[in-house]
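Colleague: Supplied in structure tokens, the structure appears directly below.
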Amino acid sequence: MKATLLAERCPAQNVMCKPAVECPAKAIVYHKDESLPLGGKITINSEQCNGCGICVTLCCGNAIALE
Numbered sequence: 003m004k005a006t007l008l009a010e011r012c013p014a015q016n017v018m019c020k021p022a023v024e025c026p027a028k029a030i031v032y033h034k035d036e037s038l039p040l041g042g043k044i045t046i047n048s049e050q051c052n053g054c055g056i057c058v059t060l061c062c063g064n065a066i067a068l069e
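As numbered in this note's numbering, residues 3 to 69 make up the sequence shown, in order.
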């Protein structure tokens, strides 16, 4: 199983995204992009994801699931 982002639930705020900081595989990254409504986005690299599930527990928007 790998982490999957449910973009419609993601607040996409770098300062709020604990999974991006705590992911042991560094698979979750914030990308600043002023052209987006929230000024950026979170992405999950499925190649790097080790399926540990830490991100699911830490996500404040319930925007990450293991599939």
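In this text, a Cβ means the ideal position worked out from N, Cα and C, and glycines have one as well.
Give, in chain order, every unbroken run of the beta strand (DSSP E) that is at least 3 residues long and sits entirely within the segment 6 to 52.
Modeller: With a minimum length of 3 residues, the continuous beta strand (DSSP E) runs that stay inside the segment 6 to 52 are 30 to 34 and 42 to 46.
Colleague: Please report the straight-line C-alpha distance between LYS43 and MET3, rounded to a whole angstrom.
Modeller: Walking along the sequence shown from the start, residue 43 turns up at place 41. Walking along the sequence shown from the start, residue 3 turns up at place 1. Going from the Cα of LYS43 to the Cα of MET3 covers about 22 Å.
Colleague: Could you pull the start and end residues of the alpha helix (DSSP H) that CYS57 belongs to?
Modeller: On the sequence shown, position 55 is the one that residue 57 refers to. Element bounds for CYS57: 56 to 60.
Colleague: Count the other C-beta atoms from every protein chain shown that fall within 10 angstroms of the C-beta of LEU8, then say buried if there are 16 or more, exposed otherwise.
Modeller: Counted from its first residue, the sequence shown places residue 8 at position 6. Exposed: under 16 other Cβ atoms inside 10 Å.
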